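These notes concern the structure reproduced below.
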Amino acid sequence: MNTTAFWRDIRVLKIFAQVIFILVLALVAGYLYVNVTTNLARQGLTMGYGFMKNPASFGIGESFLSYEPSNTYARALLVGLVNTLVVSALGIVFTTIVGILAGVGRLSSNWLINKFAAAYVGVIRNTPLLLQLMFWYFGVILQLPGVQQAVKLPGPLFLTQRGVYMVWGEGTATLPAWRIFVFIALLSIFVIWFILRTAQERASIPLSPWWNLAYLIIPVLILLIGFVIEPEPPLQASIPELSGLNFQGGLRLTPEFAALLFGLVVYTGAFIAEIVRAGIQAVSRGQVEAARSLGLTAGQALRLVVFPQALRIIVPPITSQYLNLTKNSSLAIAIGFPDFFSVAGTVFNQTGAAIEIITIMMLSYLSISLFTSLLMNLYNRRIQLVER
Amino acid sequence: MRKLLFPLFSLLVLTSLVLAGCGTPAATPTAAPAAETPQTPEVAGGERLQAILDRGEVICGAHGTFQGFGFVDSDGNWTGFDVDFCRAWAAALFDNPNAVEFRGLSAQERFTALQSGEVDVLARNSTWSYARDVELGLTFGPVNFYDGQAIMAKKSIVDDPAAGLQALEGANVCVQSGTTTELNLADQFRAAGVNYTPVVFEDQNAAFQAYDEGRCDAITSDRSQLATQGQAVLQNFDDHIILDVVMSKEPLAPAVSDGDPQWAEVVQWVVYGMIQAEELGITSQNVDEFLTSEDPVVRRLLGVEGELGAMLGLSNDFIYRVIKHVGNYGEVYERNLSVFNLARGQNELWTNGGLMYSPPFR
Amino acid sequence: MAAIDTVEIKPPRLTVGPLAWLRKNLFSTWYNIALTLFAAWLLYLILKPAIEWATTEARWGVIEANLTLFMIGLYPREQIGRVWLCIFILAALVGLSWGVWKNAARGFALIALGAGLSFIAIALFFGWGVWEDWLIAVATLLIFYFIGRYLPRGALITGIAWLLYFPLVFFLIAGTPYIATLPPVESNLWGGLLLTLLLTIVGNFGALPLGILLALGRRSKLPIIRYFCIAYIELIRGVPLITILYMAAVLLPYFLPIDIRPDQVVRAMIGFILFEAAYQAENVRGGLQAIGRGQYEAAHALGLSGAQTITLIILPQALRAVVPALFNSFISLFKDTSLVAIIGLFDVVRISRSILAQSEWLGTHREVFLFAFLIYWAFNLAFTYGSGRMEEALGVGKR
Numbered sequence: 001m002n003t004t005a006f007w008r009d010i011r012v013l014k015i016f017a018q019v020i021f022i023l024v025l026a027l028v029a030g031y032l033y034v035n036v037t038t039n040l041a042r043q044g045l046t047m048g049y050g051f052m053k054n055p056a057s058f059g060i061g062e063s064f065l066s067y068e069p070s071n072t073y074a075r076a077l078l079v080g081l082v083n084t085l086v087v088s089a090l091g092i093v094f095t096t097i098v099g100i101l102a103g104v105g106r107l108s109s110n111w112l113i114n115k116f117a118a119a120y121v122g123v124i125r126n127t128p129l130l131l132q133l134m135f136w137y138f139g140v141i142l143q144l145p146g147v148q149q150a151v152k153l154p155g156p157l158f159l160t161q162r163g164v165y166m167v168w169g170e171g172t173a174t175l176p177a178w179r180i181f182v183f184i185a186l187l188s189i190f191v192i193w194f195i196l197r198t199a200q201e202r203a204s205i206p207l208s209p210w211w212n213l214a215y216l217i218i219p220v221l222i223l224l225i226g227f228v229i230e231p232e233p234p235l236q237a238s239i240p241e242l243s244g245l246n247f248q249g250g251l252r253l254t255p256e257f258a259a260l261l262f263g264l265v266v267y268t269g270a271f272i273a274e275i276v277r278a279g280i281q282a283v284s285r286g287q288v289e290a291a292r293s294l295g296l297t298a299g300q301a302l303r304l305v306v307f308p309q310a311l312r313i314i315v316p317p318i319t320s321q322y323l324n325l326t327k328n329s330s331l332a333i334a335i336g337f338p339d340f341f342s343v344a345g346t347v348f349n350q351t352g353a354a355i356e357i358i359t360i361m362m363l364s365y366l367s368i369s370l371f372t373s374l375l376m377n378l379y380n381r382r383i384q385l386v387e388r
Numbered sequence: 001m002r003k004l005l006f007p008l009f010s011l012l013v014l015t016s017l018v019l020a021g022c023g024t025p026a027a028t029p030t031a032a033p034a035a036e037t038p039q040t041p042e043v044a045g046g047e048r049l050q051a052i053l054d055r056g057e058v059i060c061g062a063h064g065t066f067q068g069f070g071f072v073d074s075d076g077n078w079t080g081f082d083v084d085f086c087r088a089w090a091a092a093l094f095d096n097p098n099a100v101e102f103r104g105l106s107a108q109e110r111f112t113a114l115q116s117g118e119v120d121v122l123a124r125n126s127t128w129s130y131a132r133d134v135e136l137g138l139t140f141g142p143v144n145f146y147d148g149q150a151i152m153a154k155k156s157i158v159d160d161p162a163a164g165l166q167a168l169e170g171a172n173v174c175v176q177s178g179t180t181t182e183l184n185l186a187d188q189f190r191a192a193g194v195n196y197t198p199v200v201f202e203d204q205n206a207a208f209q210a211y212d213e214g215r216c217d218a219i220t221s222d223r224s225q226l227a228t229q230g231q232a233v234l235q236n237f238d239d240h241i242i243l244d245v246v247m248s249k250e251p252l253a254p255a256v257s258d259g260d261p262q263w264a265e266v267v268q269w270v271v272y273g274m275i276q277a278e279e280l281g282i283t284s285q286n287v288d289e290f291l292t293s294e295d296p297v298v299r300r301l302l303g304v305e306g307e308l309g310a311m312l313g314l315s316n317d318f319i320y321r322v323i324k325h326v327g328n329y330g331e332v333y334e335r336n337l338s339v340f341n342l343a344r345g346q347n348e349l350w351t352n353g354g355l356m357y358s359p360p361f362r
Numbered sequence: 001m002a003a004i005d006t007v008e009i010k011p012p013r014l015t016v017g018p019l020a021w022l023r024k025n026l027f028s029t030w031y032n033i034a035l036t037l038f039a040a041w042l043l044y045l046i047l048k049p050a051i052e053w054a055t056t057e058a059r060w061g062v063i064e065a066n067l068t069l070f071m072i073g074l075y076p077r078e079q080i081g082r083v084w085l086c087i088f089i090l091a092a093l094v095g096l097s098w099g100v101w102k103n104a105a106r107g108f109a110l111i112a113l114g115a116g117l118s119f120i121a122i123a124l125f126f127g128w129g130v131w132e133d134w135l136i137a138v139a140t141l142l143i144f145y146f147i148g149r150y151l152p153r154g155a156l157i158t159g160i161a162w163l164l165y166f167p168l169v170f171f172l173i174a175g176t177p178y179i180a181t182l183p184p185v186e187s188n189l190w191g192g193l194l195l196t197l198l199l200t201i202v203g204n205f206g207a208l209p210l211g212i213l214l215a216l217g218r219r220s221k222l223p224i225i226r227y228f229c230i231a232y233i234e235l236i237r238g239v240p241l242i243t244i245l246y247m248a249a250v251l252l253p254y255f256l257p258i259d260i261r262p263d264q265v266v267r268a269m270i271g272f273i274l275f276e277a278a279y280q281a282e283n284v285r286g287g288l289q290a291i292g293r294g295q296y297e298a299a300h301a302l303g304l305s306g307a308q309t310i311t312l313i314i315l316p317q318a319l320r321a322v323v324p325a326l327f328n329s330f331i332s333l334f335k336d337t338s339l340v341a342i343i344g345l346f347d348v349v350r351i352s353r354s355i356l357a358q359s360e361w362l363g364t365h366r367e368v369f370l371f372a373f374l375i376y377w378a379f380n381l382a383f384t385y386g387s388g389r390m391e392e393a394l395g396v397g398k399r
């Protein structure tokens with residue numbers, strides 16, 4: 001016989017608390033909704049995404065998709081989104097390299113390298129990214145010489161205030177045909193993986209590791225066939241050359257893009273360096289000593305013993321740094337790169353559709369974040385499984 | 001004990017924040033009428049004016065970083081063409097050109113500030129356009145500066161001001177985002193069939209700096225801005241040239257929120273009074289001599305005879321105060337813009353072939 | 001004697017002294033030599049032009065001419081005494097804390113003292129006229145140190161004084177129409193380092209209560225509350241700060257009734273609080289997770305209610321465990337306040353930009369930005385050092 005009054009029954013109370021919470025939430029939401037509608041009505045504005053089909057009629061400086069001012073607002077936003085994605089993806093690749101180098105440098109027994117890395121990490125981590133971006137853009141890149149007096153680095157890589165020019169592969173007439181070869185080569189890797197796995201399941205003893213060479217040899221063979229059949233290679237080097245007032249050929253990174261990418265890579269790299277250092281230091285010294293006493297060289301110990309273990313510690317925080325990099329790319333607005341936030345801001349200014357634009361903005365960044373963390377979680381699960 | 005400090009501490013800070021946030025307007029009786037009862041179209045006339053009179057100062061939205069029009073120097077002093085108009089309204093109401101509180105507003109927030117009642121009047125080189133007048137619920141005063149969008153280029157690229165946009169084929173053009181300028185740029189280049197690459201900055205100064213450093217071949221903005229900013233922030237203004245192409249009409253005018261026609265009229269007639277005074281040759285130097293003038297036009301304007309000021313609920317000598325403290329239109333122009341060699345052009349009096357024309361004071 | 005010396009075994013290779021240090025740390029193996037040379041070459045490439053530029057080309061006058069702008073923005077110059085008053089009170093509080101909690105507060109006290117003294121030294125060196133104020137600040141700090149040492153119930157008094165300090169600062173900076181000597185100063189005039197610090201402090205301490213609630217909510221057994229908190233935290237953490245600030249600056253007025261129009265600074269503060277709460281919730285959650293079930297069960301066995309368990313048993317331990325994480329958030333928010341420059345507030349970064357538009361200081365980007373870097377860097381360094389000392393003295397994370 002349950003004698004507790006229902007208002008003191010914990011189960012009832014729990015439901016009651018949630019009902020209250022929903023009510024409060026609904027009240028707040030309703031209050032905000034009423035405010036929004038009255039405020040909009042007062043200004044004679046209406047909500048809706050109809051404006052997205054109207055022509056944007058503003059220019060976008062650089063885009064990886066084709067874009068004209070006569071395109072729609074939706075297209076403009078898409079162009080901005082692609083710009084953000086490109087700069088983030090490149091940034092993630094480069095910042096990982098920089099971060100690992102600096103992180104290992106922080107642990108180096110070489111005093112100069114150690115202090116160098118420490119100074120880099122110390123200064124970059126303690127100052128705002130926005131300021132760094134402005135410094136790189138206004139203080140460094142725009143101070144480079146003009147096109148005529150370009151700074152030439154080996155490569156050739158030309159640094160000018162109108163952008164960075166570098167060697168790039170240019171597709172030849174046979175490029176479309178080559179895509180088929182590359183596709184078949186990639187496909188062959190999957191096929192090999194499938195065959196080897198099936199063979200392994202049937203075999204009673206582990207297959208010889210030499211079979212893994214098939215992953216290398218067969219795709220290369222397929223590509224070699226391509227070289228024999230096709231008259232010319234798919235890409236030819238396009239080298240930037242000064243002709244007249246400007247450089248011809250090669251790949252040009254605009255100053256805004258270069259400053260943004262550089263700034264993001266340098267900034268995030270400092271954080272990744274600390275994560276890498278902490279991860280490596282978290283692997284106990286005994287592990288290294290044991291590996292060394294088993295006869296592994298220092299390099300082998302680092303590669304085979306320390307790194308796999310450190311990786312498990314490193315991946316989750318690095319994931320959040322990748323996300324930070326993507327989100328931080330929104331600071332591009334300060335240096336004139338038309339990223340998603342910048343384009344969305346312009347659309348908002350031209351249409352006045354504040355609520356609609358900010359909703360799109362947040363949802364897009366949120367999806368990028370969720371998608372990146374999903375990928376990294378998959379990877380994380382994989383390396384965690386390897387160990388157990 | 002110490003463990004409890006943290007939450008307690010933050011709670012107090014939060015409370016103080018709430019007090020600062022909600023309390024500031026309420027605890028400021030001077031600003032209270034403005035903050036709590038923004039002028040909506042259904043509010044009866046005269047309320048805003050009364051609120052300003054009660055408060056004892058005009059809250060004027062201005063540009064803070066635009067030399068010549070609205071600029072705050074490193075000591076926090078406001079100067080500029082638009083700023084002088086703010087002072088003129090203060091002089092008309094309070095006989096004190098310093099009874100103004102300036103709010104530096106960005107291009108993006110200026111109209112919101114007006115609509116929400118944060119500022120009484122906006123004098124921030126804002127273009128009078130149909131949509132702003134009608135859709136945003138604003139009342140624009142008389143045009144105090146006739147402007148137009150222009151484009152400035154390096155002399156190394158274009159050496160003839162008469163050259164058209166065609167001379168800028170393939171150019172990088174620096175421009176500020178969030179302005180009509182950005183749209184006109186796209187429209188005009190499209191119409192002329194000229195390819196260009198926009199480099200867009202959210203801050204006008206950043207656009208000028210990038211142009212100056214050589215990032216762009218040209219920069220576009222209002223002609224007045226190109227001339228003033230150009231001389232202020234370009235390292236060598238003589239290396240640049242402003243093309244004759246007129247890319248748009250930009251009549252710059254002060255604006256108030258719809259809802260208090262009486263206040264709107266004060267704003268309008270002070271500007272007209274300054275134009276009229278210039279036409280009559282009345283300056284801040286000689287205005288006292290004109291008080292004894294026999295000319296009825298002058299006598300009415302300066303409030304020596306008639307009840308013109310009282311009709312607006314002001315002192316009859318409100319134009320006298322404006323001229324005495326701030327000067328006539330020409331003086332204000334001269335004081336702020338002559339250093340930039342910005343020719344009067346359309347901003348000359350109608351008697352000199354310009355567009356500045358005041359309805360009669362009678 | 002000499003004969004004996006000659007037959008002595010050769011001393012071992014150097015193990016101490018500069019040469020040995022060099023060999024051990026820079027030239028131990030062939031690749032270390034290569035690395036050292038490479039790093040030295042890189043350093044030379046960077047430092048040589050940098051030093052040449054800093055000593056000859058750079059126009060450092062721009063910093064001196066605009067120092068006040070950097071510090072307080074457009075805050076009325078005739079009201080600058082109010083800012084000094086805040087600094088004096090801060091000096092007094094730091095001195096008092098030093099006297100009362102000797103070890104815990106020593107780090108911060110020494111930094112404050114060092115900062116004051118170096119300002120005096122720099123000011124005297126360059127012949128600026130403002131060093132007297134710093135002298136007062138240093139003197140106040142020292143006087144209150146001695147007061148603190150002999151103050152009965154010092155901990156209680158100092159604690160309460162700190163609690164009152166931040167509201168007082170707001171009161172002093174914002175002013176009130178009821179006191180003639182403290183006329184109101186509109187928040188759109190607050191700028192420079194003053195604004196940056198105010199935003200940091202409000203953002204952090206304002207977000208903490210909300211963050212604690214969110215963290216508790218996320219661990220709640222009630223699904224609706226839990227999912228709501230998860231959704232809020234993940235939404236905020238998934239979008240860039242600038243979008244939230246933008247929302248606060250642009251959208252907030254739409255969500256409020258027409259007669260409430262907080263000004264830009266307050267809107268930015270609200271944005272920071274909403275943003276930082278999500279991150280602090282995750283910090284606090286880490287602390288909550290570190291507390292064993294036994295604590296809950298013991299509290300329950302003692303007859304404490306759920307609310308009592310949380311406030312008296314769990315939170316004090318959890319917060320103590322996450323103090324280092326909270327300090328980290330503080331630093332990171334200090335940097336993040338720079339984003340208000342994009343929504344038009346005159347913090348250190350935007351002030352730097354506006355200085356670059358002054359006709360007499362055109363093209364001084366590097367000087368101005370480097371000085372701004374220095375401000376952020378010095379503050380973060382001092383804060384990191386001070387908080388590290390404090391954590392050490394309090395034994396945070398060790399108990």
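Residue numbers (this note's numbering), protein chains in the order written: chain A, 1 to 388; chain B, 1 to 362; chain C, 1 to 399. We put the beta carbon where it would ideally sit given N, CA and C, even for glycine. Model, not experiment: these values are computed from the prediction.
Subject >> Cutoff 7 Å: C:A357 Cβ touching any chain B Cβ >> reply: Counting from one through the third sequence, the residue named residue 357 of chain C turns up at place 357. So yes, C:A357 belongs to the interface.
Original post:
Closest Cβ-Cβ distance between C:S338 and chain A: below 7 Å?
Top reply: The sequence position of residue 338 of chain C within the third sequence is 338, counting from 1. It does; some Cβ of chain A falls within 7 Å.
**OP:** Specify, as a first and last residue, the run of the alpha helix (DSSP H) that B:P251 falls within.
**Re:** Indexing the second sequence from 1 puts residue 251 of chain B at position 251. Taken as a continuous stretch (DSSP letters only), B:P251 belongs to no alpha helix (DSSP H), being part of the beta strand (DSSP E) at S248 to L252.
Original post:
Can you tell which of B:R299, B:W78 and B:Q115 has the C-alpha that lies nearest to the C-alpha of A:N39?
Top reply: Position 39 of the first sequence, counted from the first residue, corresponds to residue 39 of chain A. Of the listed residues, the one whose Cα sits closest to A:N39 is B:Q115.
Original post:
In or out: A:P145 buried (at least 16 other Cβ within 10 Å) or exposed?
Top reply: Here the question's residue 145 of chain A lines up with position 145 in the first sequence. Answer is exposed; the Cβ neighbour count stays below 16.
Original post:
By DSSP, does C:A324 sit in helix, in strand, or in coil?
Top reply: Sequence index remark: in the third sequence, residue 324 of chain C carries index 324 (1-based). The identity of residue 324 of chain C in the sequence shown is Pro, whereas the question assumes Ala. Reduced to three states, the DSSP call for C:P324 is helix.
Original post:
Cβ of B:I319 within 7 Å of Cβ of B:G273?
Top reply: Within the second sequence, residue 319 of chain B is the residue found at index 319, counting from 1. Within the second sequence, residue 273 of chain B is the residue found at index 273, counting from 1. In contact: B:I319 and B:G273 (Cβ atoms closer than 7 Å).
**OP:** For A:S367, count neighbouring C-beta atoms within 10 Å of its own C-beta (all shown protein chains included) and say buried if the count is 16 or more, exposed if not.
**Re:** The count along the first sequence starts at 1 and reaches residue 367 of chain A at position 367. It counts as exposed.
Original post:
Any beta-carbon of chain A closer than 7 Å to the one on C:T243?
Top reply: In the third sequence, the residue the question calls residue 243 of chain C occupies position 243. Yes, its Cβ sits closer than 7 Å to a Cβ of chain A.
**OP:** Tell me, please, whether the CB atom of C:P240 is closer than 7 Å to any CB atom in chain A?
**Re:** Taking the first residue of the third sequence as 1, we reach residue 240 of chain C at position 240. By this cut-off, C:P240 is an interface position.
Subject >> Cβ-based neighbour list, B:P33, same chain, cut-off 6 Å, excluding 5 preceding and 5 following >> reply: Mapped onto the second sequence, residue 33 of chain B falls at position 33. Residue placement at B:P33 is poorly supported in this model, since its pLDDT is 36, which falls under 50; the coordinates still yield a value, given next. Within the same chain, B:P33 has close Cβ partners A51.
Subject >> Beta-carbon contacts of B:L243 that lie in its chain and below 6 Å, excluding the five residues immediately before and after >> reply: Numbered from its first residue, the second sequence carries residue 243 of chain B at position 243. Excluding sequence neighbours, B:L243 sits near I151 and P161.
**OP:** Please list the partners that A:A341 has in chain B, where partner means a Cβ-to-Cβ separation under 8 Å.
**Re:** On the first sequence, residue 341 of chain A is found 341 positions in, with the first residue counted as 1. In the sequence under discussion, the amino acid at residue 341 of chain A is Phe, which differs from the Ala named in the question. Those within 8 Å of A:F341 in chain B number zero; the least Cβ separation is about 10 Å.
Subject >> CB contact check: A:F158 to chain B, cutoff 7 Å >> reply: The residue you call residue 158 of chain A lines up with position 158 of the first sequence. Output row for A:F158: interface = no.
Original post:
Does any C-beta atom of chain A lie closer than 7 Å to the C-beta of B:A191?
Top reply: Here residue 191 of chain B refers to the residue found at position 191 of the second sequence. So no, B:A191 is outside the interface.
Original post:
Going by the beta-carbon positions, is the gap between C:N188 and B:R103 smaller than 7 Å?
Top reply: As a position in the third sequence, residue 188 of chain C is number 188, starting the count at 1. As a position in the second sequence, residue 103 of chain B is number 103, starting the count at 1. A contact, by the Cβ cut-off of 7 Å.
**OP:** Quickly, what does DSSP pair A:P55 with across the bridge? List them, please.
**Re:** Counting from 1 along the first sequence, the entry for residue 55 of chain A is found at position 55. BP columns for A:P55 point to A:T72.
Original post:
Per DSSP, what kind of secondary structure is B:Y363 in: helix, strand or coil?
Top reply: Residue 363 of chain B lies beyond the residue range present for chain B, which begins at 1 and ends at 362; the question has no answer from this structure.
**OP:** Run the CB neighbour count on C:H300, radius 10 Å, all protein chains shown included, and call it buried at 16 or more, exposed below.
**Re:** Working through the third sequence from its first residue, we reach residue 300 of chain C at position 300. C:H300 should be labelled exposed.
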